[in-house]
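See structure below.
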Amino acid sequence: MRYFRFILILVLFSSFSVKAQDLITFKTYDELATYIKQNNSKPLVINFWATWCAPCVKELPYFEKLNQENKNVKVVLVSLDFEKQVESKLIPFLKKKKYTSTPIYLADKDYNTWLPKIDKNWSGSIPATVIFNQDKKIFVEQDFSSFEELNTFVNQSITK
């Protein structure tokens, strides 16, 4: 009976400890583009970031709060981390933070091919954010200094 309780507690604990969504990995930008097309029932706010980018990491809590509080949008966090650091840095970072936003790792390092598909003027610097709202696409290559700034930008962008 004690063994059964131990197993039950272990199962319950493990089910509660995995709150962060599982990391989705796309090998190519085209796979990400397909995901975007299939998940457009409401505006998508996609933030391109990496764990090695201090401004990116600083603003991630604003995107997480946006995901939790702004029910008009879906937030997707697209990591551009180095492939060799996915297991050692990215996944532990996401598990520690327990973000509920959709985490994606984009392994496609052929930036010159896919950056212009996001925005023809994107220099490639991060953080960068794109909002897909039906046929409209709004891109900004900057970091946000507060949740309020991000939320205002998103709300203004989806009502244009």
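Numbering (mature numbering (1 follows the signal peptide of the UniProt record, and there is no 0)) for the sequence shown: -20 to -1, 1 to 140. Cβ atoms here follow ideal geometry from the backbone N, Cα and C, with glycine treated the same way.
> Pick from Lys17, Ile16, Tyr79 and Lys64: whose alpha carbon is nearest that of Val37?
Replying inline: Among Lys17, Ile16, Tyr79 and Lys64, the Cα nearest to that of Val37 is on Tyr79.
>> DSSP three-state label for Thr139, please.
In response: Residue state, collapsed to three classes: coil.
> Does the Cβ-Cβ distance between residue 141 and Val58 come in under 8 Å?
Replying inline: The chain is shown only over -20 to 140; residue 141 falls outside these bounds and no answer can be derived.
> Phe127 to Asn52, Cα distance in whole Å?
Replying inline: In a straight line, the C-alpha of Phe127 is about 15 Å away from that of Asn52.
> Going straight from the alpha carbon of Leu46 to that of Ile111, what length do you get?
Replying inline: Leu46 and Ile111 have their alpha carbons spaced roughly 13 Å apart.
>> Relative to the C-alpha of Tyr85, which candidate in Asn131, Glu121 and Glu63 has its C-alpha closest?
In response: Nearest C-alpha to Tyr85: Glu63.
> Just the Cα atoms here: how many angstroms apart are Thr31 and Lys140?
Replying inline: CA-to-CA, the gap between Thr31 and Lys140 works out to about 32 Å.
>> Can you give me the C-alpha to C-alpha distance between Cys33 and Lys7, rounded to a whole angstrom?
In response: Their backbone Cα atoms lie some 21 Å apart in a straight line.
>> Nearest by alpha-carbon distance to Gln114: which of Leu74, Phe133 and Pro23 is it?
In response: Closest in C-alpha terms to Gln114, from the list Leu74, Phe133 and Pro23, comes Pro23.
> Rounded C-beta distance between Lys54 and Asp61? I'm assuming under 8 Å.
Replying inline: Actually they do not touch by this definition, with Cβ atoms about 22 Å apart.
> Along the chain, which unbroken stretches of the alpha helix (DSSP H) at least 4 residues long are found entirely within the segment 52 to 124?
Replying inline: Runs found: 71 to 77 and 91 to 98.
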